[in-house]
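Chemist: Provided herewith is a single structure, encoded as structure tokens, for subsequent inquiry.
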Amino acid sequence: MWTTIVQIMPYAIVFTIPLLITALGALFSERSGIVNIGLEGLMVVGAFAGAFVIFKFQELWPHNVAALWLGLLAAMLVGVLFSLLHAFASINLSANQIISGTAINMIAGAITVFLARNMTGSGNIRITSGFSRYDVPLFSEIPIIGKLLFTGTYDTTWLILLIVAVSTIVLYKTPFGLRLRACGEHPHAAEAAGINVKKMRYMGVMISGAFAGLGGAIIIVTFAGEFTGSVSGLGFLALASLIFGQWKPLGILAATLFFGFASTVANVSQVIPSLAVFPPVILKVFPYVVTLLALIVFSKSSRAPQAAGEPFDSGKR
Amino acid sequence: MRSGVISLIAVLFGLLAGAVLMAVTGHSPITGYMYLFEGGLKSPERIGDTLATATPLIFTGLSVAFAFRTGLFNIGAAGQMLLGGFLASAVGLSLDLPKPLLLLVMIIAGFVGGALWAVVPGILKAKYNVHEVVSTIMMNWIAYWTVYYAVPAYFKGEFLETESKLLPEAATLNVPFLSEMFGGSYINLGLFLAVIAVIVFAFIINRTTLGYELKAVGLNRHSAEYAGIAVNRSIVLSMVIAGGLAGLGGVAQYAGNAANIQIGILPSQGFDGIAVALLGANTPVGVLLSALFFGLLYSGRGFMNAMTEIPPEIANSIIAIIIYFAATSILIERLVRWLIRRRSSGASARSSAERKVD
Amino acid sequence: MDYAVEMLDIRKEFPGIVANDDITLRLKRGEIHALLGENGAGKSTLMGILFGMYQADRGMIKVSGKEVRIGNPNVATKLGIGMVHQHFKLVSTFTVTENIILGSETRKGLVLDVKTASKRIEQLSQRYGLNVDPHAKIEDISVGMQQRVEILKMLYRDAEVLILDEPTAVLTPQEILDLGIIMKNLIGEGKSIILITHKLKEIKANAHRCTVIRRGKTIGTVDVASTSELVMAEMMVGRSVTFKVDKKAASPGEIVLQVDSLSVNNNKKCLALNNFSLEVRAGEIVGIAGVDGNGQSELVEAIAGLRKPESGSVRLKGEEITGLSVRSRIHRGIGHIPEDRQKRGLVLDYTIAENMVLEVYHREPHSKRGILNKAAIKQYAERIIASFDVRSGQGASSIVRSLSGGNQQKAIIGREIELNPDLLIAVQPTRGLDVGSIEYIHRRLVEQRDKGKAVLLISLELDEILNLSDRIAVLNQGERIGVVNASETNENEIGMMMAGVTAEGGGEA
Numbered sequence: 010m011w012t013t014i015v016q017i018m019p020y021a022i023v024f025t026i027p028l029l030i031t032a033l034g035a036l037f038s039e040r041s042g043i044v045n046i047g048l049e050g051l052m053v054v055g056a057f058a059g060a061f062v063i064f065k066f067q068e069l070w071p072h073n074v075a076a077l078w079l080g081l082l083a084a085m086l087v088g089v090l091f092s093l094l095h096a097f098a099s100i101n102l103s104a105n106q107i108i109s110g111t112a113i114n115m116i117a118g119a120i121t122v123f124l125a126r127n128m129t130g131s132g133n134i135r136i137t138s139g140f141s142r143y144d145v146p147l148f149s150e151i152p153i154i155g156k157l158l159f160t161g162t163y164d165t166t167w168l169i170l171l172i173v174a175v176s177t178i179v180l181y182k183t184p185f186g187l188r189l190r191a192c193g194e195h196p197h198a199a200e201a202a203g204i205n206v207k208k209m210r211y212m213g214v215m216i217s218g219a220f221a222g223l224g225g226a227i228i229i230v231t232f233a234g235e236f237t238g239s240v241s242g243l244g245f246l247a248l249a250s251l252i253f254g255q256w257k258p259l260g261i262l263a264a265t266l267f268f269g270f271a272s273t274v275a276n277v278s279q280v281i282p283s284l285a286v287f288p289p290v291i292l293k294v295f296p297y298v299v300t301l302l303a304l305i306v307f308s309k310s311s312r313a314p315q316a317a318g319e320p321f322d323s324g325k326r
Numbered sequence: 055m056r057s058g059v060i061s062l063i064a065v066l067f068g069l070l071a072g073a074v075l076m077a078v079t080g081h082s083p084i085t086g087y088m089y090l091f092e093g094g095l096k097s098p099e100r101i102g103d104t105l106a107t108a109t110p111l112i113f114t115g116l117s118v119a120f121a122f123r124t125g126l127f128n129i130g131a132a133g134q135m136l137l138g139g140f141l142a143s144a145v146g147l148s149l150d151l152p153k154p155l156l157l158l159v160m161i162i163a164g165f166v167g168g169a170l171w172a173v174v175p176g177i178l179k180a181k182y183n184v185h186e187v188v189s190t191i192m193m194n195w196i197a198y199w200t201v202y203y204a205v206p207a208y209f210k211g212e213f214l215e216t217e218s219k220l221l222p223e224a225a226t227l228n229v230p231f232l233s234e235m236f237g238g239s240y241i242n243l244g245l246f247l248a249v250i251a252v253i254v255f256a257f258i259i260n261r262t263t264l265g266y267e268l269k270a271v272g273l274n275r276h277s278a279e280y281a282g283i284a285v286n287r288s289i290v291l292s293m294v295i296a297g298g299l300a301g302l303g304g305v306a307q308y309a310g311n312a313a314n315i316q317i318g319i320l321p322s323q324g325f326d327g328i329a330v331a332l333l334g335a336n337t338p339v340g341v342l343l344s345a346l347f348f349g350l351l352y353s354g355r356g357f358m359n360a361m362t363e364i365p366p367e368i369a370n371s372i373i374a375i376i377i378y379f380a381a382t383s384i385l386i387e388r389l390v391r392w393l394i395r396r397r398s399s400g401a402s403a404r405s406s407a408e409r410k411v412d
Numbered sequence: 026m027d028y029a030v031e032m033l034d035i036r037k038e039f040p041g042i043v044a045n046d047d048i049t050l051r052l053k054r055g056e057i058h059a060l061l062g063e064n065g066a067g068k069s070t071l072m073g074i075l076f077g078m079y080q081a082d083r084g085m086i087k088v089s090g091k092e093v094r095i096g097n098p099n100v101a102t103k104l105g106i107g108m109v110h111q112h113f114k115l116v117s118t119f120t121v122t123e124n125i126i127l128g129s130e131t132r133k134g135l136v137l138d139v140k141t142a143s144k145r146i147e148q149l150s151q152r153y154g155l156n157v158d159p160h161a162k163i164e165d166i167s168v169g170m171q172q173r174v175e176i177l178k179m180l181y182r183d184a185e186v187l188i189l190d191e192p193t194a195v196l197t198p199q200e201i202l203d204l205g206i207i208m209k210n211l212i213g214e215g216k217s218i219i220l221i222t223h224k225l226k227e228i229k230a231n232a233h234r235c236t237v238i239r240r241g242k243t244i245g246t247v248d249v250a251s252t253s254e255l256v257m258a259e260m261m262v263g264r265s266v267t268f269k270v271d272k273k274a275a276s277p278g279e280i281v282l283q284v285d286s287l288s289v290n291n292n293k294k295c296l297a298l299n300n301f302s303l304e305v306r307a308g309e310i311v312g313i314a315g316v317d318g319n320g321q322s323e324l325v326e327a328i329a330g331l332r333k334p335e336s337g338s339v340r341l342k343g344e345e346i347t348g349l350s351v352r353s354r355i356h357r358g359i360g361h362i363p364e365d366r367q368k369r370g371l372v373l374d375y376t377i378a379e380n381m382v383l384e385v386y387h388r389e390p391h392s393k394r395g396i397l398n399k400a401a402i403k404q405y406a407e408r409i410i411a412s413f414d415v416r417s418g419q420g421a422s423s424i425v426r427s428l429s430g431g432n433q434q435k436a437i438i439g440r441e442i443e444l445n446p447d448l449l450i451a452v453q454p455t456r457g458l459d460v461g462s463i464e465y466i467h468r469r470l471v472e473q474r475d476k477g478k479a480v481l482l483i484s485l486e487l488d489e490i491l492n493l494s495d496r497i498a499v500l501n502q503g504e505r506i507g508v509v510n511a512s513e514t515n516e517n518e519i520g521m522m523m524a525g526v527t528a529e530g531g532g533e534a
């Protein structure tokens, strides 16, 4: 059992990271009052932009890791640009945020493949190499947790964990965080306090776009290596993590780790004897069923931002 | 009427955006569109194929629209359609009955399968106030994996691991007279089923106490409860009907347009249903028309791709962009109002534009 | 003269309506100035302009004698103008301190400095006698304290002019007295206060001067000490008003509603109504007096069948109905004018016709075997429209959202009376309406009583309870403090009882 966990854990962490950063971005968006179900699409455009930029730079300078970092940066930028579509619809036009998010998902899925096909013919973009994995010196020697947490890691993992830590401080300890959260709980209170609610909500959605784009690109530079036109529902899983984690950074960390672990278990169950006893379908649907159960459990005591999903109209009091 | 104009403008914008996409990727939009529409319309066979392509979209569009009218957002039409199609295929592959009877049982199975998949979010919403958007997304993935493992386990195809056995002739909606009438097209009885569904939808929503109740619950749950309407039952019932409609879409797809079920893919018609409903302003006739239009884009894209090398995803892109414009219809409304004012005030156009009213 | 604020000839038009028509209001430094007007007279618009939420089309605003342009609330705050809104603008999951500093945070480097802010809030709280704990969460403190947090918010921003919008609507009688003392403290420290209200007694008790507006126009500014309530009321309404509703003595018949030891939980699963008993007879109006949130809603919902009681029973005409559904209760003769007409009473996007059959659409002739009969529904609705004077653009086919509040309320009352119920529950039936509509609705309620129906009236307006009721039951924290005959009691006694002071007077008849 323990050896199985030790075997799986590094893969689970790798799988968790894109979910984590995407869910964290969604936290900013929802805390500002905008529900973002366009995460899936934002991840897709991030994956596309990342793969495209890396592909081009790797042609120029093969084996240079800078290409990968440039790809991640491009993914964030494109994620921000794309999220503006959602921000404009939900903030300026008071559009239904679910519909707008759905449109984002559909546009992203269609246009990226359209563009990729124009370039490669197949609609897929393969990068020559991603980040390489390494054991953290010293730390990986620590008994028990060294093997679990510090072997086979990527640079991106540490980057994202740093972003999570910084985000937590920003949300709870800075004026920006206080204002952002006020906009999601009671935008009229925020407005009365002289805060520009629309601006804060734009910030929330754009951070969500940047993080989801980054999450999509991290898939490419770590375990996928190729853009295929979809992120197989990871964006929706990130949304579920947000709810599961009850709109708190640490909760999200735990929820995404749970999903990462559960998905990894399901993916590797056939090759690990102690897991092969479970029918694969059970392992595959497990995260989704648990999410449904969690929704029931949390339904009575949900800490969702109270104004999330509601258009803000400053005339209405 | 008003929403019809907005939908038309959204379509126009979508097509324009598509033209821009074609142009920036180095293709001629005019030839592109010419082949796209030719591909969907130029022969009886292609027209038949277009109608057949539209059929599942009519069902998923009705499904999403029905849920919308009753205040619910059914984002799970894909999973419901898959499960409905799976159940119908299972019946078709397992029972040996005369064609009319078998089809009837399959249709019922399809409805039940979709309804079953929608009843869970319905109950979660009614009893625990769980938002149906999240729960239907989860149900989509549960459907995906269930079918992913159930098909190879019980109905494995002869050649490919990733699809089921072919349905016997008695278990498909294809009938010779339709195929012949449309020059060998795969058009099938699903279309008639869809038209019946449109009529039933309209009747329930507009003329029955059931429709009155469901709409009242959708528009204002609190008032409905106050007036003695069984709110929780209504929510579950709405989801059951919406899911059933999507399930029928699965029958039309997997036992009509195709003759087997594929695994490893959530049917895109489920998500397109949202687009269909939105563009059709959630009215039965609107759904019918927009499904036909999207069917045309989807059915013509292969021909266009063959003739011009424009990737077929242009159709999906156009549809997705149309949805964005439909979602931001306020923008279009403002534009229309501004244009009208500009024309009516003529010389004083500038001052009126400044008096823009929100 | 030393004026803190002068608003001169302010005019503001909204599409289709002139909200403010050359209004002038001058606030002296150190005074409490009441702004009196009916609902819809233009008070909120005028104050919105002063606070920078709207821009006046014409007119001039001077602060401390200097002309200013107030483009948004931030400008107002900088000019030392603060506002306590009727619906508090507080984030319920934040602490008092977080709410107060929101938007003008103290910081230490990049992060918030909550400690310094809390200390300053504590000092301010002591100086003005506000008694607020800066570390408490808003959702855990009383409504009265929330209001004091709002006041602190303005003081924290060094406001000199404080606008209080209907500040007493949510307070207990004791808290209203406390607020009076706080206001005196504030002017004692040199602040000036504008008090928006439609309650004459509060003006009499607290204000120095009073500006009356009606239909967007200034009627005049009077000295409160030398002006009677009746005169101010006439200025507000534009004609002579009688505070008393014309009604004969009641002749109660048999018991229609009998509530026995009823206990009901609220949404937070706490006991909101505790062991409550009451009976209402045919031909009488029983009023329930109490401050908002003392169990009234739970009582009504338990009687109407919208909420399951924990224990106790409800009987209608002797029949046990405690476990019945809403629909069967309606069928057995309960009509219910709900507290919140837009949330509960109407489907705003349905037409009037569709709303008029909300409880009876399933009965013939409105439908038969599940199929609606639209002609019959329209006919039914038109009858209600005609007999209750519901005014709308397109008659029965108007969308209810497009109706004015008064007409929406008349439609609901018409619908409920048309059901011909033995028991009519009227919750806040005149909230937010103008005097004309109020008088009309009061007449219809008394008419029901005179036809031998039982009427249960729940209102937060003590005047309404006193004027309409034959007997009055007083609720405090979910408990029945007492039941008194309306003819044998007065405002003071009821006010004491609302605060929880037991004084069983008239007793159960």
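Chains as they are written, first to last, in this note's numbering: chain A, 10 to 326; chain B, 55 to 412; chain C, 26 to 534. Even for Gly, the Cβ is constructed at its ideal location relative to N, Cα and C. Since the model is a prediction, treat every value here as computed from it, not as a measurement.
Using the Cα positions of Ile46/A and Gly318/A, report the straight-line distance between them to the nearest angstrom.
Modeler: If you number the first sequence from 1, residue 46/A lands on position 37. If you number the first sequence from 1, residue 318/A lands on position 309. The straight-line gap from Cα to Cα measures roughly 11 Å.
Chemist: Examine chain A for any beta-carbon lying closer than 8 Å to the beta-carbon of Pro222/B, and answer yes or no.
Modeler: Against the second sequence, residue 222/B aligns to sequence position 168. So no, Pro222/B is outside the interface.
Chemist: Quick one: is Phe213/B buried, meaning 16 or more other Cβ sit within 10 Å of its Cβ, or exposed?
Modeler: Residue mapping note: residue 213/B aligns to position 159 of the second sequence, counting from 1. So Phe213/B ends up on the exposed side.
Chemist: Can Met261/C and Val237/C be called in contact, C-beta distance under 8 Å?
Modeler: For the purposes of this step, residue 261/C is taken as residue 236 along the third sequence, with counting starting at 1. For the purposes of this step, residue 237/C is taken as residue 212 along the third sequence, with counting starting at 1. Contact: yes.
Chemist: Does the Cβ of Thr12/A have 16 or more other Cβ atoms within 10 Å, making it buried, or fewer, making it exposed?
Modeler: To locate residue 12/A, count along the first sequence from 1; it is residue 3. With fewer than 16 Cβ atoms within 10 Å of its Cβ, Thr12/A is classed as exposed.
Chemist: Beta carbon of Gly244/B: closer than 7 Å to some heavy atom of the ligand FAD?
Modeler: The model depicted lacks the ligand FAD and carries no ligand whatsoever.
Chemist: Could you pull out every residue in the same chain whose Cβ sits closer than 7 Å to the Cβ of Asp46/C, ignoring the five residues on either side in sequence?
Modeler: As a position in the third sequence, residue 46/C is number 21, starting the count at 1. Around Asp46/C: Arg36, Gly241 and Lys242.
Chemist: For the candidate residues Gly42/A, Val74/A and Pro258/A, whose alpha-carbon lies nearest to that of Pro196/A?
Modeler: Mapped onto the first sequence, residue 196/A falls at position 187. With distances taken between Cα atoms, Pro196/A lies closest to Gly42/A.
Chemist: Quick one: residues in its chain with C-beta nearer than 6 Å to the C-beta of Val252/B, no 5 flanking neighbours on either side, listed in chain order?
Modeler: Here the question's residue 252/B lines up with position 198 in the second sequence. So the qualifying residues of the chain are Pro338 and Leu342.
Chemist: Counting only beta-carbon atoms, is Met215/A nearer than 8 Å to chain B?
Modeler: On the first sequence, position 206 is the one that residue 215/A refers to. No - not a single Cβ of chain B is within 8 Å of the one on Met215/A.
Chemist: Within the region 76 to 104 of chain C, note down every full alpha helix (DSSP H) run reaching 4 residues or more, in order along the chain.
Modeler: If we require 4 residues or more, the alpha helix (DSSP H) runs fully inside the region 76 to 104 of chain C come out as 98 to 103.
Chemist: Give me the Cα-Cα distance between Ala275/A and Gly348/C, rounded to the nearest whole angstrom.
Modeler: On the first sequence, position 266 is the one that residue 275/A refers to. On the third sequence, position 323 is the one that residue 348/C refers to. Straight-line Cα distance between these residues: approximately 49 Å.
Chemist: Tell me which residue opens and which closes the beta strand (DSSP E) that Cys235/C is part of.
Modeler: Residue 235/C sits at position 210 when you count from the first residue of the third sequence. Unbroken beta strand (DSSP E) run through Cys235/C: Arg234 to Arg239.
Chemist: If you check the beta carbons only, do Gly34/A and Ala219/A fall under 8 Å apart?
Modeler: Here the question's residue 34/A lines up with position 25 in the first sequence. Here the question's residue 219/A lines up with position 210 in the first sequence. The answer is yes: Cβ separation under 8 Å.
Chemist: Straight-line CA distance for Gln315/A to Ala327/C?
Modeler: Stepping through the first sequence from its first residue, residue 315/A is reached at position 306. Stepping through the third sequence from its first residue, residue 327/C is reached at position 302. One C-alpha to the other measures close to 27 Å.
Chemist: Among Ala131/B, Val205/B, Thr226/B and Glu279/B, which one has its Cα closest to the Cα of Trp171/B?
Modeler: Counting from one through the second sequence, the residue named residue 171/B turns up at place 117. Taking only the C-alpha atoms, the option nearest Trp171/B is Ala131/B.
Chemist: Please identify the residue among Ile191/B, Gly354/B, Ala121/B and Val330/B whose C-alpha is closest to the C-alpha of Ser61/B.
Modeler: Counting from 1 along the second sequence, the entry for residue 61/B is found at position 7. Of the candidates Ile191/B, Gly354/B, Ala121/B and Val330/B, the one whose C-alpha sits nearest the C-alpha of Ser61/B is Val330/B.
Chemist: Look up Asn45/A in the DSSP assignment and say whether it is helix, strand or coil.
Modeler: Numbered from 1 along the first sequence, position 36 holds the residue referred to as residue 45/A. Of the three classes helix, strand and coil, the one that applies to Asn45/A here is coil, per DSSP.
Chemist: For Gly125/B, would you say it is in contact with chain C, using Cβ-to-Cβ distances shorter than 8 Å as the test?
Modeler: Within the second sequence, numbered from 1, the residue matching residue 125/B stands at position 71. Judged by the 8 Å Cβ criterion, Gly125/B is not in contact with chain C.
Chemist: So what's Asn311/B in DSSP terms, helix, strand or just coil?
Modeler: On the second sequence, position 257 is the one that residue 311/B refers to. Of the three classes helix, strand and coil, the one that applies to Asn311/B here is helix, per DSSP.
Chemist: Please classify Tyr143/A as buried or exposed, where buried requires at least 16 neighbouring CB atoms within 10 angstroms.
Modeler: Residue 143/A sits at position 134 when you count from the first residue of the first sequence. So Tyr143/A ends up on the exposed side.
Chemist: So which of Leu393/B, Ala381/B, Arg397/B and Ala374/B has the shortest CA-CA distance to Ser99/A?
Modeler: On the first sequence, residue 99/A is found 90 positions in, with the first residue counted as 1. Out of Leu393/B, Ala381/B, Arg397/B and Ala374/B, Ala381/B has the C-alpha closest to the C-alpha of Ser99/A.
Chemist: Determine, using beta carbons only, whether Ala104/A comes closer than 8 Å to chain B.
Modeler: For the purposes of this step, residue 104/A is taken as residue 95 along the first sequence, with counting starting at 1. Yes, because at least one Cβ of chain B sits closer than 8 Å to the Cβ of Ala104/A.
Chemist: Name the residues in the region 373 to 385 of chain C whose C-beta lies less than 8 Å from a C-beta of chain B; which are they?
Modeler: Hits within the stretch, in order: Leu373, Asp374, Tyr375, Glu379, Leu383 and Glu384.
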